[in-house]
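Trainee: Counting with the numbering used here, you get residues 1 to 219 for the letters of the sequence shown.
Where a beta carbon is used, it is the ideal one built from N, C-alpha and C, also for glycine.
Take a look at this one; I'll ask things after.
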Amino acid sequence: MITETLISNVIVPLRTSDTGESALEVMNEFHIRHLPVVNDKELLGLVSEDDILDYDATEPVGSYALSLPKPCVQSKSHLYEVMKLMADYHLTVVPVIDDEQHYLGLVSMEDVLYRFAKTLPFTEPGSIIVLEMAKIDYALSEIARIVESENSVILSSYVTSSQDTSQIEVTLKINNQQINSILASFERFEYDIKASFNEVEYLDTLKERYESLMNYLNV
1 MITETLISNV IVPLRTSDTG ESALEVMNEF HIRHLPVVND KELLGLVSED DILDYDATEP
61 VGSYALSLPK PCVQSKSHLY EVMKLMADYH LTVVPVIDDE QHYLGLVSME DVLYRFAKTL
121 PFTEPGSIIV LEMAKIDYAL SEIARIVESE NSVILSSYVT SSQDTSQIEV TLKINNQQIN
181 SILASFERFE YDIKASFNEV EYLDTLKERY ESLMNYLNV
């Protein structure tokens, strides 16, 4: 997934002459907490809601000392780079620039969530299994062999880890809504099953988390 396919120009960037008050109005309208500041085509940085509240909202944003660096991605960057910036800096939008460093538009957190909801692993019927294990024990080929031995296929997988622990979580999307035999096989091979969901349960969980996120952004 390339960033340029997600670029939106619905949210207009700020000019240095725009006030903090006008920036807050845009943030409230689109349920975001960050906006790019652009001079002509040059991306100057990203102003946050906290920046505005720390200064005089009646003053132009060009007078603010921005707390964030200039986080942005190239138009040919993969979506994962957008997600990394969002996670690293807790961003609700990420500016996109071209090879000449000109501002092209932005990608919002809502755009990212929508794109993932439309990808194949989410639209295909199936179930979710979350395994927890030590990093040193992770072998996707072995996990796939166990799933395939129960006449099922892994549609997608991703790994989450923390710097504070040697443990990882492996989230699997399986093309089968009846996964009791798969769970039993994982237990037989002494895998730690942290969670499992059928499709309806998982979609309900995603919906609840999405609504919580939207409520948070609307604060």
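1) Could you check the C-alpha separation between Asp-40 and Ser-152 for me, to the nearest Å?
2) Taking buried to mean at least 16 other C-beta atoms within 10 Å of its own C-beta, is Lys-76 buried or exposed?
3) How many Å lie between Gln-101 and Ser-185 at the Cα?
4) Could you please give me the residues that DSSP links to Phe-186 through a beta bridge?
5) If you draw a straight line from the C-alpha of Leu-44 to the C-alpha of Val-38, how long is it?
6) Mind reading off the beta-carbon distance from Arg-115 to Met-1? Whole number of angstroms is fine, and I expect it under 8 Å.
7) For a test of the three-state rule: what should DSSP assign to Gly-250, helix, strand or coil?
8) Which term fits Asp-111, buried or exposed, when burial requires 16 or more other beta carbons within 10 angstroms of its beta carbon?
9) Does DSSP classify Thr-5 as helix, strand or coil?
10) Could you give the DSSP three-state label for Val-112: helix, strand or coil?
11) Tell me which residue opens and which closes the alpha helix (DSSP H) that Tyr-89 is part of.
12) Please return the same chain residues whose Cβ sits closer than 8 Å to the Cβ of Gln-74, not counting the five positions on each side in sequence.
13) Which of helix, strand or coil does DSSP assign to Val-219?
14) Classify His-34 as buried or exposed, calling it buried when 16 or more other Cβ atoms lie within 10 Å of its own Cβ.
15) Spell out the partners DSSP gives Pro-257 in its beta bridges.
16) With C-beta atoms as the reference, is Ala-144 less than 8 Å away from Ile-154?
Mentor: Once the coordinates are examined:
1) Position 40 of the sequence shown holds residue 40. Position 152 of the sequence shown holds residue 152. Near 54 Å, if we compare the C-alpha coordinates of Ser-152 and Asp-40.
2) Taking the first residue of the sequence shown as position 1, residue 76 is located at position 76. When all chains shown are included, Lys-76 counts as exposed.
3) As a first step, residue 101 is located in the sequence shown; it is residue number 101 there, counting from the start. As a first step, residue 185 is located in the sequence shown; it is residue number 185 there, counting from the start. Those two C-alpha atoms are separated by around 52 Å.
4) Locating residue 186 in the sequence shown gives position 186, where the first residue counts as 1. Beta-bridge pairing links Phe-186 to no other residue.
5) As a position in the sequence shown, residue 44 is number 44, starting the count at 1. As a position in the sequence shown, residue 38 is number 38, starting the count at 1. One C-alpha to the other measures close to 5 Å.
6) Counting from 1 along the sequence shown, the entry for residue 115 is found at position 115. Counting from 1 along the sequence shown, the entry for residue 1 is found at position 1. With a Cβ gap of about 6 Å, Arg-115 and Met-1 count as contacting.
7) Residue 250 lies beyond the stretch modelled for the chain, which goes from 1 to 219, so this question has no answer here.
8) Along the sequence shown, one-based indexing puts residue 111 at 111. Flag for Asp-111 reads buried.
9) Taking the first residue of the sequence shown as position 1, residue 5 is located at position 5. It is helical.
10) Here residue 112 refers to the residue found at position 112 of the sequence shown. Helix at Val-112.
11) Taking the first residue of the sequence shown as 1, we reach residue 89 at position 89. Start and end: 79-89.
12) The residue you call residue 74 lines up with position 74 of the sequence shown. Excluding positions up to five away in sequence, the list reads Thr-3, Val-96, Ile-97, Asp-98, Asp-99.
13) Counting from 1 along the sequence shown, the entry for residue 219 is found at position 219. With a pLDDT of 48 at Val-219, under the threshold of 50, the modelled position of that residue is not reliable, and no figure is offered here.
14) For this step, residue 34 is matched to residue 34 along the sequence shown. Buried: at least 16 other Cβ atoms inside 10 Å.
15) As displayed, the chain neither begins before 1 nor continues past 219, which places residue 257 out of reach and without an answer.
16) As a working mapping, residue 144 is identified with position 144 in the sequence shown. As a working mapping, residue 154 is identified with position 154 in the sequence shown. Yes, they are a contact pair.
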